[in-house]
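Student: This is the structure I have questions about; it appears just below.
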Amino acid sequence: METMSVARGLFRHDSGSLSNRTCPHPDESGPTIVPLVGSMSFHKFSMILSGACGVFVLVLCLYSVFSHAMKYSRPVQQRQLIRIVCLVPWVSIISFLSIWLETAGPYIAPAIDFGAALALSAFLLLLCDYVLAGPNGSNDLLGLEAPDRGQNAGRGPQWLKKTWYLVLQFIPVTMILWIATAASLAVGTYCATSNKPYFAHIWITIFRLISTTLAIIAILKFYGRQKSQLSHYNVMLKLLAFKSIIFLNVSQGFILNLLISSNIIKPNKYLSYHDATVAIPSLVLSCEMPFFAVLMIFAYNTKPYTVDNADYVGGPLGLGAIFQALNMTDILSAFVRGPMRLLRGQEKDIGTLNGNFESIVHSPNIKTVA
């Protein structure tokens with residue numbers, strides 16, 4: 259009964275007999291804000307710094323994206339690479355908007371998790387594509403012989419299905435938590451400055467941590483199981499470049515939330531309430547993204563896909579490849595058709611490309627995918 263009362267209370271503001279459970283209205287006035295650097299307030303300084311980091315990230319990531327798009331020799335793999343690289347500018351843009359649009363920041367920030375969830379699914383699909391591209395890829399991954407395809411396309415090993423569902427759950431969970439955050443903020447029951455169990459903030463933080471952890475562990479287990487098939491793809495560097503973003507986003511958010519709710523980080527003569535609760539976490543992420551943008555160029559480079567005098571299939575200026583990568587219906591279709599049918603489709607595409615690009619695969623200019 260008490261559990262149901264707590265659950266109902268997350269989205270209901272009642273200042274009557276439960277006045278002690280009412281989130282204290284933040285003191286947004288605080289002391290008079292004084293300049294932090296020269297004549298600039300912390301808010302203006304953080305906007306400039308975040309914007310500068312964002313521009314640097316956009317330039318590097320656009321270079322990486324267009325490099326793949328204009329050397330689009332392996333669409334099945336490279337569209338996943340483009341999706342993963344796009345996570346870095348996505349985080350930078352959302353972080354900048356969260357700082358710039360002060361009052362809207364708490365409503366915007368959860369978009370980072372949604373982008374991370376899509377990129378995480380793309381990363382798992384990339385690992386599956388790497389395994390399927392091997393000489394015994396179908397048996398290594400799906401455990402089914404070629405005659406078992408067709409009407410049994412939805413079948414597959416239970417461990418693989420479990421892995422996919424643990425990763426896919428991250429997408430709807432982030433959407434639900436985003437909606438829950440917006441709803442609880444609107445009715446005054448989110449309460450970022452409190453970790454009391456009758457406010458939504460603590461539960462949203464816990465569910466976010468659990469969902470993210472399950473998805474990351476599932477991918478790490480997949481890598482451990484298929485390590486021999488993935489050994490020549492330099493997956494550890496790719497894991498470091500990609501997973502660190504998600505880990506830092508969640509772990510830093512959790513730590514900063516504790517510091518804010520414990521009043522260790524609080525408004526002062528340099529920081530307004532929104533600076534302390536929204537701008538600082540977003541600024542930390544913004545300043546970290548340039549490092550990951552550089553790391554992405556090395557981890558997801560185009561060298562393995564570059565072939566002299568090849569007819570790439572990315573379209574004019576690679577725009578066709580970019581539109582293909584931004585179309586997430588292949589991943590989202592797994593919620594309807596199931597992940598095994600998605601992998602069967604990938605397997606078919608890889609087989610077709612192996613035929614169409616046989617000369618590319620055996621070209622002396624092609625090196626092992628890294």
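Residue numbers (the numbering used here): 259 to 628.
Where is the CB? At the ideal position from N, CA and C, for every residue including glycine.
The model shown is predicted, which means the values in this text are computed figures rather than measured ones.
For the alpha helix (DSSP H) containing Y481, name the first residue and the last one.
Tutor: If you number the sequence shown from 1, residue 481 lands on position 223. Looking at the DSSP string, the run of the alpha helix (DSSP H) that includes Y481 is 458-483.
Student: Hey, how far is the Cα of R266 from the Cα of L384?
Tutor: Here residue 266 is taken as the residue at index 8 of the sequence shown, counted from 1. Here residue 384 is taken as the residue at index 126 of the sequence shown, counted from 1. Because the pLDDT of R266 is 48, which lies under 50, any placement of that residue in the model is unreliable, and the question is left without a value.
Student: When you compare the CB positions of F381 and I352, do they come within less than 7 Å of one another, or not?
Tutor: Taking the sequence shown and counting its residues from 1, one reaches residue 381 at position 123. Taking the sequence shown and counting its residues from 1, one reaches residue 352 at position 94. No.
Student: I need the boundaries of the alpha helix (DSSP H) containing E546, first residue and last residue.
Tutor: The residue given as residue 546 occupies position 288 in the sequence shown. Counting along the chain, the alpha helix (DSSP H) containing E546 begins and ends at 538-557.
Student: Bridge partners of M298, per DSSP?
Tutor: As a first step, residue 298 must be located in the sequence shown, where it is residue number 40. M298 pairs with V295.
Student: According to DSSP, is I522 part of a helix, a strand, or is it coil?
Tutor: Start at 1 with the first residue of the sequence shown, and residue 522 comes out as number 264. Coil.
Student: Check each candidate in S308, V295, T280, F324 and name the one with the smallest Cα separation from G573.
Tutor: Residue mapping note: residue 573 aligns to position 315 of the sequence shown, counting from 1. Per the Cα distances, F324.
Student: Taking all protein chains shown into account, decide if L478 is buried (16 or more other Cβ within 10 angstroms of its Cβ) or exposed.
Tutor: On the sequence shown, position 220 is the one that residue 478 refers to. That one is exposed.
Student: Beta-carbon within less than 7 Å of A534's beta-carbon, same chain only, minus the 5 sequence neighbours each way: which residues are those?
Tutor: As a working note, residue 534 is residue 276 in the sequence shown. Within the same chain, A534 has close Cβ partners I518, I523, K524, P525.
Student: Cα separation between D387 and N394?
Tutor: For the purposes of this step, residue 387 is taken as the residue at position 129 of the sequence shown. For the purposes of this step, residue 394 is taken as the residue at position 136 of the sequence shown. Using only the alpha carbons, I get a separation of about 12 Å.
Student: So, is P597 buried or exposed, given that buried needs 16 or more other C-beta atoms within 10 angstroms?
Tutor: Within the sequence shown, the letter at position 339 stands for residue 597. So P597 counts as buried.
Student: On the criterion of 16 or more Cβ atoms from any shown chain inside 10 Å, does S396 qualify as buried, or is it exposed?
Tutor: To locate residue 396, count along the sequence shown from 1; it is residue 138. Buried, since its Cβ has 16 or more Cβ neighbours within 10 Å.
Student: Terminal residues of the continuous alpha helix (DSSP H) containing D387?
Tutor: By 1-based counting over the sequence shown, the position of residue 387 is 129. Where D387 is concerned, the enclosing alpha helix (DSSP H) stretches over 369-390.
Student: Indicate the three-state DSSP secondary structure (helix, strand or coil) for G446 in the structure shown.
Tutor: In the sequence shown, counting from the first residue as 1, residue 446 sits at position 188. It is coil, neither helix nor strand.
Student: Count the other C-beta atoms from every protein chain shown that fall within 10 angstroms of the C-beta of G613, then say buried if there are 16 or more, exposed otherwise.
Tutor: Position 355 of the sequence shown holds residue 613. Note on G613: pLDDT 48, under 50, position unreliable in the model; the coordinate value appears next. Exposed.
Student: Count the other CB atoms, across all protein chains shown, that sit within 10 Å of the CB of P364; report buried if there are 16 or more and exposed otherwise.
Tutor: By one-based count along the sequence shown, residue 364 stands at place 106. Burial call: buried.
Student: If you measure from the beta carbon of S304 to each beta carbon in chain B, is any gap under 7 Å?
Tutor: Among the protein chains of the structure shown there is no chain B, as only one such chain exists.
Student: Should the stretch 458-466 be regarded as contacting the stretch 412-426, the criterion being three or more beta carbon pairs within less than 8 Å?
Tutor: Result no; under three Cβ-Cβ pairs closer than 8 Å.
Student: First and last residue of the alpha helix (DSSP H) that includes G332?
Tutor: Here residue 332 is taken as the residue at index 74 of the sequence shown, counted from 1. Here residue 332 turns out to be Arg, not Gly, going by the sequence shown. Segment: none, R332 is in no alpha helix (DSSP H) and carries neither H nor E.
Student: Going by the CB atoms, is the gap between G312 and S350 shorter than 7 Å?
Tutor: Here residue 350 refers to the residue found at position 92 of the sequence shown. Here residue 312 refers to the residue found at position 54 of the sequence shown. Their beta carbons are under 7 Å apart, which means S350 touches G312 by this criterion.
Student: Can you give me the C-alpha to C-alpha distance between S621 and V552, rounded to a whole angstrom?
Tutor: For the purposes of this step, residue 621 is identified with residue 363 of the sequence shown, where counting begins at 1. For the purposes of this step, residue 552 is identified with residue 294 of the sequence shown, where counting begins at 1. Any reading at S621 must be qualified, since the residue scores a pLDDT of 42, below 50, and its modelled position is unreliable; the value itself is stated next. Roughly 29 Å separates the two Cα atoms.
Student: Specify, as a first and last residue, the run of the alpha helix (DSSP H) that K419 falls within.
Tutor: By one-based count along the sequence shown, residue 419 stands at place 161. Residues 416-426.
Student: Taking the alpha carbon of F372 as the point to measure from, which residue in L294, W417, C344 has its own alpha carbon closest?
Tutor: The residue labelled residue 372 in the question sits at position 114 within the sequence shown. The option with the nearest alpha carbon to F372 is C344.
Student: Spell out a yes or no on whether the stretch 445-456 and the stretch 485-493 are touching, meaning 3 or more CB-CB pairs, one atom from each, closer than 8 Å.
Tutor: No: the two stretches stay apart, fewer than three of their Cβ pairs being nearer than 8 Å.
Student: Between the alpha carbons of S591 and K606, how many angstroms are there, rounded?
Tutor: Residue mapping note: residue 591 aligns to position 333 of the sequence shown, counting from 1. Residue mapping note: residue 606 aligns to position 348 of the sequence shown, counting from 1. One C-alpha to the other measures close to 16 Å.
Student: Would S331 be called buried (16 or more neighbouring beta carbons within 10 Å of its own) or exposed?
Tutor: As a first step, residue 331 must be located in the sequence shown, where it is residue number 73. Burial call: buried.
Student: Measure from the alpha carbon of F550 to the alpha carbon of each residue in W358, Y570, V315, then state which is nearest.
Tutor: Sequence index remark: in the sequence shown, residue 550 carries index 292 (1-based). Of the candidates W358, Y570, V315, the one whose C-alpha sits nearest the C-alpha of F550 is V315.
Student: Between which two residues does the alpha helix (DSSP H) holding A362 run?
Tutor: For the purposes of this step, residue 362 is identified with residue 104 of the sequence shown, where counting begins at 1. First-last for A362: undefined, no H or E at that position.
Student: With a threshold of 6 Å on Cβ separation, who are the neighbours of Y528 within its own chain once the five nearest residues in sequence on each side are excluded?
Tutor: As a position in the sequence shown, residue 528 is number 270, starting the count at 1. These residues qualify, in order along the chain: L294, F300.
Student: On a Cα-Cα basis, can you pick out the residue from K454, Y481, L541 that is closest to M305?
Tutor: Here residue 305 corresponds to residue number 47 of the sequence shown, with the count starting at 1. For M305, the nearest C-alpha among the options comes from L541.
Student: Can you list, in chain order, the residues of its chain whose CB lies under 6 Å from that of C319, leaving out five sequence neighbours each side?
Tutor: On the sequence shown, position 61 is the one that residue 319 refers to. Result list for C319: V343, V346, P347, A551, in chain order.
Student: If we count the other Cβ atoms within 10 Å of its Cβ and call it buried at 16 or more, is Y321 buried or exposed?
Tutor: For the purposes of this step, residue 321 is identified with residue 63 of the sequence shown, where counting begins at 1. That one is exposed.
Student: Report the CB separation of L400 from L601 in whole angstroms; it is logged as a contact under 8 Å.
Tutor: Your numbering for residue 400 matches position 142 in the sequence shown. Your numbering for residue 601 matches position 343 in the sequence shown. Confirmed, Cβ separation roughly 7 Å.
Student: Going by beta carbon distance, what residues of the same chain come within less than 7 Å of K496, once the five residues before and after it are set aside?
Tutor: Counting from one through the sequence shown, the residue named residue 496 turns up at place 238. Around K496: A557, Y558.
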